[in-house]
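> Mind looking over this structure? Questions follow.
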Amino acid sequence: MEQSVNYLGLIPLFPLLGAVLIGLLHVFTCNRTKLPEKVYGILACVGPVLSFVMALKVFVALKGLPPESRFLVHKAFTWFSVGDLHINMGFLADPLSCLMLLFVTFIGSLIHIYSIGYMGGDKNYGKFFAYMNLFLGSMLVLVLGDGPVVMFVGWEGVGLCSYLLISFYSEDRSNVLAGNKAFIVNRVGDLGFVLGMSFLFWAIGAQGFDYLSLKAHVNDPAMTQGVLLTVCLLLFVGATGKSAQIPLYVWLPDAMAGPTPVSALIHAATMVTAGVYMVARFSFLYAEVALAGSIVAWVGILTALLAAIFGMFQEDIKKVLAYSTVSQLGYMFAGVGVAAYSAGIFHVFTHAFFKALLFLGAGSVIYALHHEQNIWKMGGLKNKMPKTYVTMVIGALALAGCPPFSGFFSKDEILYSALATGHFGIWAVGVLVAGMTAYYTFRMIFVVFHGEPRDHHAYEHAQESPAVMTVPLIILAVGALFAGLLNLPAIFGGDQIVSHWLAPSVTEHHPHAGVFIEILAIGASVVAFAIGIKIAYAKFGKGAPEPSFTGFADFAYHKFYVDELYDKVIVQPYKAIGSSIWKVIEPNVTDAPVKGVARLYMVLGTAFKVFQVGYVRVYALYMVLGLSLMSLLLSQSLN
Amino acid sequence: MFEHVLSVIIFLPILAGLILLATPASRSVARFTGLAVSLATLVLSLDLYAGFQATGHLEFVENIPWIESLGISYALGVDGISLFILMAGSVLLPLVYFVFGTREKGYYANLLLVQGAMAGAVCAADMILFYIFWEVMLLPVFFMLGLYGGPQRLPATLKITLYTIAGSLLMLAAIVYLGVSYHAQFGEWSFAMDKMAALNLTGRVAAVAFFGFMIAFAIKIPLFPFHTWLPDAYTEAPTATTFVLSAIMAKIGVYGVIRFVVPVFDLEFARFAILLAYAGVIGMMYCGLAAIAQKDFKRMLAFSSASHMGVIALGVFCMNIQALTGSIYQIVAHATSTGVLFLFAGILEERTNTRTIDDLGGIAAKAPVFALYFAIAMLASVGLPGTSGFIGEFMIVLGAIKFNTAVGVLAGTTLIIGVCYMLWMFQRVFFEKTASRSENFKELSLVEGLAFLPVILLIIVMGIYPHPFLSKITPSTALQFAQPASVVAQAPASNAQNLGLTIEQK
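Protein chains in written order, with my numbering: chain A, 514 to 1152; chain B, 516 to 1021.
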């Protein structure tokens, strides 16, 4: 059924080799001669572009197969094999991974090109691209891996790169702390992933621990509802870490400490959506336990709500976008949670375009203003940076869910699925969040680009970014505009190409709830969008002073003090336990018996010292005493 | 490949060490001799590795009767379990001659002695021979710690001595008990390790003997709560000694459990495995938590090492092939990551004259190659996939889940605990602003860089392509689990065969 093609392995290999090559060049030249930036720039783009070309080849090959047998596999080598455990370094291209592959390599290539401009002049230019290539390679391993363990390799690999790139400007302690936070919080999620994998393995993994074998054995008697629920929830814990959901979302806003292209590629378009991909990948498990799906959906939609609340009060342009990412990821989980896997993945797809676009646009603004990120120091930039402005408005409309921009269709598909499957609560919260999204997105646009400039000095020096940065913006804007058409539902005369494409990979049933429900869903979304943007325009459309927050707004501005709470409840106690073990328990409890023995010897030694007087006559006396005692004992025993 | 290759690997360093002690060689001659001998041993070991057939049984066997009246023989051999500990020693020990300034002659002589004795302990197939090598390998450690250690070396030496004497006495008693039992049950004297599995041991004495072995090995590993000698000894010892202790000697403790305790005391082992597993897990958490409180990076690594040893020991107690194989793999991974980190810590100390984490900063900008090497070893130590550390850790956690869910879940927290203290240390030493002490930090020299390169590459190769390594281990670990059943079923027959064989040999 499945066809083996060996070029699959090349897709992650190209950027990985690029990373090694660039990394070595950087390490050996950085403290002596500087290589020209062009060398790194070109080397860095070769890997991603080649991977993209290979991804197209995979797509064409899959397209040529009948839908039910669209599986290409490649086993590179036996990775490890002990007892029942057989893990191959194997890759699987099916419609799901192929879709991910296409947009990851495409957007990855664009952002590499953009970075050539954005990172210009940085003293660690080479290091940056080595990490970016390493990231892309890891991401492709994650997407292409043929089973959970190989996915985990990419999963942790992207986590490492995320850490390295967040702490990229490592002289500044706060950046490194943000990196540490990302790594550690992700590790908490990864524990869930590893445990989930382990339980899954002991249930059905012995017959093959790759997706296709697992899917074939999902109805084995060993897969009881309890096991299924445990595995699904543990894997979801992993997803909440990587994809920044409640309660592990706290690392993503801090991750904005990294360079902006990193925020666009890793912390918006690709890596953070890995959790959604994982749930879709395991749709054959989630489809078997409705409860797991509901938990996923509720966690998702509540995260969407929480992040939207925070997003309304941020002053850092990247933090606004970061919370919007957390919020949109919440939508995606709501989608896959209500078993609308293709809708969730479609939102991953469209989101990658418009959010990468928004971040790169924000990067363009930040670049023009010499690393100013506070929106209350901006204003009126639309005349100075027309290309950035127009493309960002397109991105904002897509994010806010304005028809016919891409975000509208994908988000609407999720909300419609929630409604059609009877998840009214999720739908209602989703509509509310849609309105809030429109509000905070356009608050940002209006404050940054409209009205009067707030910082005249910065405004005077601002100018449009070079073509190497604006061309990627324009390409992404085209994607943000039209990507939605790929999955146009029947009501608009489309035939859901993406859903049909994904059908062989995901286990889902398309609900048919009737035209009324469909119109209700669309209508509510459009109304929410309109209200949100109207309020934003009323408050910020013609320029507004920096607000001061009180009451709930202040509470939301401080993100409900969740970071402070985690610090008090988890971080500080953790450190306190560490130092009390070291300072109190170890010397007084664990080590006490050893010290006791040492002391006992001292005491005995002191006691016996009394007899060691040093006079020969005393020792002679001991001998006589001893001999008499012995002869007494001997004579007794002989008798 | 020649017949007595194991004897050469064992006695070449021992002889060289003794000669160094006896002759008035200069410091640099001593260093060069050590390097030459350790490289020669490395070449022999690589040849041995290439010739290893992975039958699962002992290979390269040498067996010479020694004290025939008591059935004691000079018997050597390696299987997939001991091979990797032997190799870890041979591959890593040459490194200590490349780094650091030249030291006293006795320091190098002791390093050679300990190398040979450790190889002997790992290769011994006779319990008495094992015991002798075990004792011999401890002596150089005392000397190195007591003579060449840091300012607080004397209390550290006292503590390690107390612990070790207690452990050794218990083990000797247990070995004698096994020999006597063998004589009682089969009517002949033998101290051959592979024959002991046939013993039928029950009752209180067997349990006592079980704990005799177990405590001796638990001290060496060290298993919680017998670890309290470790932080002081690891911190005060010269770096090369710390490296030897953590990278190899601790593993011989684990090896002892696999060799003596698991096959011989299978009933007791099955009964107490859960207790021991908890000791492993609690030790991992306890030491991992204590690590975050350390201000001295060498002491932090000491706790980190103890924490990882808890996981490795756990793998042995889980009684399934994934966990056990994971442990063996992790032994090598830990030696190449934490062991090498100790060497890097020594380099840091030598170049900055401090061991205090907060005194340093910004080293990554000054020495990118050193930072890269350090980072790779650190990532292996936290078990990142793509490094050797992941494979073993994953299999141990996987196996632990099967053995006992609670133990497995707790074992999984090593993923989080390790990364907390490591990243925090890395941040303060390698990132942030350059501190005054690291202002003139020298990058690794070309020789140092090349010397570490094979080990750094090994970390990555063992993470990406572990299969060739595992295929040498698994036949032996599989046999560990095949044995008890077959022994129980065919005990009389195999005993008779054993007797017949010995008679024929005579």
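Glycine residues also receive a C-beta, built at the ideal position from the N, C-alpha and C atoms.
Fair warning: this is a prediction, and the values are worked out from it, not measured in the lab.
Roughly how many whole angstroms lie between the Cα atoms of D1008 of chain A and L999 of chain A?
The sequence position of residue 1008 of chain A within the first sequence is 495, counting from 1. The sequence position of residue 999 of chain A within the first sequence is 486, counting from 1. The alpha-carbon separation between D1008 of chain A and L999 of chain A amounts to approximately 9 Å.
> Under 8 Å, Cβ to Cβ, is there at least one residue of chain A near K710 of chain B?
For the purposes of this step, residue 710 of chain B is taken as the residue at position 195 of the second sequence. For K710 of chain B, no CB of chain A lies under 8 Å from its own CB, so it is not counted at the interface with that chain.
> Using a cut-off of 8 Å between C-beta atoms, extract the partners of G1109 of chain A located in chain B.
Numbered from its first residue, the first sequence carries residue 1109 of chain A at position 596. What G1109 of chain A touches in chain B: nothing, since even the nearest Cβ is about 11 Å away.
> In or out: P1060 of chain A buried (at least 16 other Cβ within 10 Å) or exposed?
In the first sequence, counting from the first residue as 1, residue 1060 of chain A sits at position 547. Exposed, because fewer than 16 other Cβ atoms sit within 10 Å of the Cβ of P1060 of chain A.
> How big is the Cα-Cα spacing for L894 of chain B and G978 of chain B?
Along the second sequence, read from residue 1 onward, the residue named residue 894 of chain B stands at position 379. Along the second sequence, read from residue 1 onward, the residue named residue 978 of chain B stands at position 463. For L894 of chain B and G978 of chain B, the distance between alpha carbons rounds to 11 Å.
> Pairing CB atoms from the segment 787-798 of chain B with CB atoms from the segment 698-718 of chain B, are three or more of them under 8 Å?
These segments do not touch.
> Which first and last residues belong to the beta strand (DSSP E) in which V586 of chain A is found?
Translated into the one-based positions of the first sequence, residue 586 of chain A becomes position 73. Per DSSP, V586 of chain A belongs to the beta strand (DSSP E) from 585-595.
> Report yes if the C-beta distance between Y623 of chain B and T548 of chain B is below 8 Å; otherwise report no.
In the second sequence, residue 623 of chain B corresponds to position 108, counting from 1. In the second sequence, residue 548 of chain B corresponds to position 33, counting from 1. For Y623 of chain B and T548 of chain B, yes; Cβs fall inside 8 Å.
> Cutting at 6 Å between CB atoms, please list the residues of its own chain near P999 of chain B, excluding the five before and the five after it.
For this step, residue 999 of chain B is matched to residue 484 along the second sequence. Caution applies to P999 of chain B, whose pLDDT of 49 falls short of 50 and renders its modelled position unreliable; the model cannot decide the point.
> Quick one: list the residues of chain A neighbouring C935 of chain B, beta-carbon separation under 7 Å, in chain order.
Counting from 1 along the second sequence, the entry for residue 935 of chain B is found at position 420. Per Cβ cutoff of 7 Å: I697.
> For V769 of chain B, which residues of its own chain have a beta-carbon under 8 Å away from its beta-carbon, when the five flanking residues on both sides are left out?
Reading the second sequence from its first residue, position 254 is the one you call residue 769 of chain B. Non-local C-beta neighbours of V769 of chain B in its own chain, meaning closer than 8 Å and more than five positions away in sequence, comprise F732, I736, M824, I827, A828, V831, S842, I846, ordered along the chain.
> Cα separation between I1018 of chain B and S991 of chain B?
Indexing the second sequence from 1 puts residue 1018 of chain B at position 503. Indexing the second sequence from 1 puts residue 991 of chain B at position 476. Here I1018 of chain B scores only 35 on pLDDT, less than 50, and its place in the model should not be relied on; the value that follows carries that caveat. Cα to Cα, the separation comes out at about 28 Å.
> Reducing DSSP to helix, strand and coil, say where W704 of chain B ends up.
Taking the first residue of the second sequence as position 1, residue 704 of chain B is located at position 189. It is coil, neither helix nor strand.
> Specify whether the segment 856-865 of chain B and the segment 757-765 of chain B touch according to this definition: at least 3 beta carbon pairs, one from each stretch, less than 8 Å apart.
yes
> Less than 6 Å between C-beta atoms, sequence neighbours within five positions excluded: which residues of the same chain meet that for P1007 of chain B?
One-based indexing of the second sequence puts residue 1007 of chain B at position 492. In this prediction, P1007 of chain B scores a pLDDT of 40, lower than 50, which makes its location untrustworthy; the coordinate-derived value is nonetheless stated afterwards. Same-chain partners within the cutoff: there are none.
> What did DSSP end up calling Y682 of chain A once you bin it into helix, strand or coil?
Position 169 of the first sequence, counted from the first residue, corresponds to residue 682 of chain A. Looking at Y682 of chain A - three-state DSSP - the assignment turns out to be coil, as it is neither helix nor strand.
> Inspect the beta-carbon positions of A681 of chain B and V651 of chain B and report whether they are closer than 8 Å.
Counting from 1 along the second sequence, the entry for residue 681 of chain B is found at position 166. Counting from 1 along the second sequence, the entry for residue 651 of chain B is found at position 136. For A681 of chain B and V651 of chain B, no; Cβs fall outside 8 Å.
> Chain B beta carbons: is any one of them nearer than 8 Å to that of F593 of chain A?
Within the first sequence, residue 593 of chain A is the residue found at index 80, counting from 1. Yes, its Cβ sits closer than 8 Å to a Cβ of chain B.
> Just tell me which of A:G692, A:A757, A:F706, A:S726 has its CA closest to the CA of P772 of chain A.
To locate residue 772 of chain A, count along the first sequence from 1; it is residue 259. Checked all of A:G692, A:A757, A:F706, A:S726; the closest Cα to P772 of chain A is A:G692.
> Can you tell which of A:V562, A:V662, A:D685, A:V566 has the C-alpha that lies nearest to the C-alpha of I624 of chain A?
The sequence position of residue 624 of chain A within the first sequence is 111, counting from 1. Nearest of A:V562, A:V662, A:D685, A:V566 to I624 of chain A, Cα basis: A:V562.
> Verify the CB distance criterion: does D659 of chain A have a CB-CB separation below 8 Å to chain B?
Within the first sequence, numbered from 1, the residue matching residue 659 of chain A stands at position 146. Chain B contact via Cβ: absent.
> Could you tell me which chain B residues have their CB closer than 7 Å to the CB of N693 of chain A, listed as they occur along the chain?
Indexing the first sequence from 1 puts residue 693 of chain A at position 180. Within chain B, the C-beta atoms nearer than 7 Å to that of N693 of chain A come from L938, W939, Q942, in chain order.
> How big is the Cα-Cα spacing for N1010 of chain B and S560 of chain B?
By 1-based counting over the second sequence, the position of residue 1010 of chain B is 495. By 1-based counting over the second sequence, the position of residue 560 of chain B is 45. Low confidence applies to N1010 of chain B: its pLDDT is 39, below 50, so where it sits in the model is not reliable, and the reading given next is rough at best. N1010 of chain B and S560 of chain B: Cα-Cα distance of roughly 34 Å.
> I'd like to know whether the C-beta of N519 of chain A is nearer than 8 Å to at least one C-beta of chain B.
What you label residue 519 of chain A is simply residue 6 of the first sequence in a count that begins at 1. So, not an interface residue.
> Based on Cα-Cα distance, which residue from A:A800, A:F665, A:F616 lies nearest to G848 of chain A?
Position 335 of the first sequence, counting from 1, holds the residue named residue 848 of chain A. Ranking the options by Cα distance to G848 of chain A, first place goes to A:A800.
> Mind pulling the chain A residues with CB within less than 7 Å of Y980 of chain B?
The residue labelled residue 980 of chain B in the question sits at position 465 within the second sequence. By Cβ distance, chain A contributes F590.
> So which residues of chain B does G596 of chain A contact, with C-beta pairs closer than 7 Å?
As a working note, residue 596 of chain A is residue 83 in the first sequence. What G596 of chain A touches in chain B: I836, Q837.
> Under 8 Å between C-beta atoms, does R686 of chain A make it to chain B?
As a working mapping, residue 686 of chain A is identified with position 173 in the first sequence. Yes, because at least one Cβ of chain B sits closer than 8 Å to the Cβ of R686 of chain A.
> In terms of alpha-carbon separation, which member of A:T983, A:V851, A:T901, A:E965 lies closest to F937 of chain A?
One-based indexing of the first sequence puts residue 937 of chain A at position 424. Taking only the C-alpha atoms, the option nearest F937 of chain A is A:V851.
> Do you know how far the Cα of L687 of chain B is from the Cα of I971 of chain B?
To locate residue 971 of chain B, count along the second sequence from 1; it is residue 456. To locate residue 687 of chain B, count along the second sequence from 1; it is residue 172. When rounded, the distance between both Cα atoms is 39 Å.
> Just the Cα atoms here: how many angstroms apart are F706 of chain A and P1106 of chain A?
Within the first sequence, the letter at position 193 stands for residue 706 of chain A. Within the first sequence, the letter at position 593 stands for residue 1106 of chain A. The straight-line gap from Cα to Cα measures roughly 40 Å.
> How about G901 of chain B: is its C-beta nearer than 8 Å to some C-beta of chain E?
The structure shown has no chain E; the protein chains it does contain are A and B.
> N740 of chain B versus chain A: which residues are under 7 Å apart at the beta carbon?
By 1-based counting over the second sequence, the position of residue 740 of chain B is 225. Checking the sequence shown, residue 740 of chain B turns out to be Pro, not Asn. Here the neighbours are T1103.
> Starting from W764 of chain A, follow the alpha helix (DSSP H) in both directions and report where the run begins and ends.
One-based indexing of the first sequence puts residue 764 of chain A at position 251. 764-767 is the span of the alpha helix (DSSP H), which, as asked, contains W764 of chain A.
> Would you kindly work out how many angstroms separate the C-alpha atoms of H519 of chain B and D641 of chain B, rounded to a whole number?
Locating residue 519 of chain B in the second sequence gives position 4, where the first residue counts as 1. Locating residue 641 of chain B in the second sequence gives position 126, where the first residue counts as 1. H519 of chain B and D641 of chain B have their C-alpha atoms some 16 Å from each other.
> Among A:V944, A:F641, A:M891, whose alpha-carbon lies nearest the alpha-carbon of Y553 of chain A?
Taking the first residue of the first sequence as position 1, residue 553 of chain A is located at position 40. Comparing Cα-Cα distances from Y553 of chain A to each of A:V944, A:F641, A:M891, the minimum goes to A:F641.
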